[in-house]
Amino acid sequence: MRFTGHCRCGQLALEIEAAARPPLYACHCLNCQRWSGSAFGLHMLCVASAVQLTGEPSTYTHEHEGQTSTQYACGVCHTRMFNETTAAPGMRVVRAGVLEGAAHLTPVAHIWTRRKQQWVTLPDGVAQWQETPTAEAFAAALMG
Ligand SMILES: [Zn+2]
Ligand SMILES: [Zn+2]
């Protein structure tokens, strides 16, 4: 299965090559709302080696709740493409909105629904947590 994407200006291109569709989830936390300038962050959890980036990224590293997160963005238009975090070693969390066909992808889990914007209605039966789930529960929902 192959996904392609690019930043707003096109300087960075991204390609994901995976046997199955990597799991997609939405995070409704305030940091994701602020960082995306939108209602939630849409994250595709990929094995790092499956994600190839073409072009020169600009990186930003910060500490969050004892974890180190590095963001990969376009240095020209500042679109964020993915991040790596010590909370999920060996993975790259792709900002799914940069992908071609993202409108046809449906999240399998929603986290931080405590901060969800009121107009956002979640479908029945989808996995959801008020805050951050345990790693075990989250993995079970994503691999479901
Ligand atoms: Zn760009
Ligand atoms: Zn978040």
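Count the sequence shown with the numbering used here and you get residues 27 to 170, in order. Every residue, glycine too, gets a C-beta built ideally from N, C-alpha and C. It should be emphasised that the depicted structure is a prediction, and the values quoted were computed from it without experimental measurement.
Open item on the list: Per DSSP, what are the beta-bridge partners of Asn-109 in this structure?
Closed with: Along the sequence shown, read from residue 1 onward, the residue named residue 109 stands at position 83. In DSSP, Asn-109 forms a bridge with Gln-97, Val-119.
Task: the region 66-85 in contact with the region 34-50 per 3-pair CB rule at 8 angstroms - done: yes
Open item on the list: Under DSSP, the beta strand (DSSP E) around Ser-62 begins and ends at which residues?
Closed with: Indexing the sequence shown from 1 puts residue 62 at position 36. From DSSP, Ser-62 is part of no beta strand (DSSP E) but of the alpha helix (DSSP H) over 56-62.
Open item on the list: In this structure, how does DSSP classify His-32 when only helix, strand and coil are distinguished?
Closed with: Position 6 of the sequence shown, counted from the first residue, corresponds to residue 32. DSSP places His-32 within a strand segment (E or B) once states are collapsed to three.
Open item on the list: Suppose you measure from the CA of Gly-64 to the CA of His-136; what does that come to, to the nearest Å?
Closed with: By 1-based counting over the sequence shown, the position of residue 64 is 38. By 1-based counting over the sequence shown, the position of residue 136 is 110. According to the sequence displayed, residue 64 carries Ser and not Gly. Each residue's Cα considered, the two are about 15 angstroms apart.
- [ ] Would you identify the three-state DSSP class for Leu-148, choosing helix, strand or coil?
- [x] Against the sequence shown, residue 148 aligns to sequence position 122. Looking at Leu-148 - three-state DSSP - the assignment turns out to be coil, as it is neither helix nor strand.
Open item on the list: Assuming Leu-125 is part of the beta strand (DSSP E), what are its boundary residues?
Closed with: Stepping through the sequence shown from its first residue, residue 125 is reached at position 99. Looking at the DSSP string, Leu-125 is not in any beta strand (DSSP E), and its letter there is neither H nor E.
- [ ] Could you tell me which residues DSSP puts in a beta bridge with His-69?
- [x] Stepping through the sequence shown from its first residue, residue 69 is reached at position 43. BP columns for His-69 point to Tyr-51, Arg-121.
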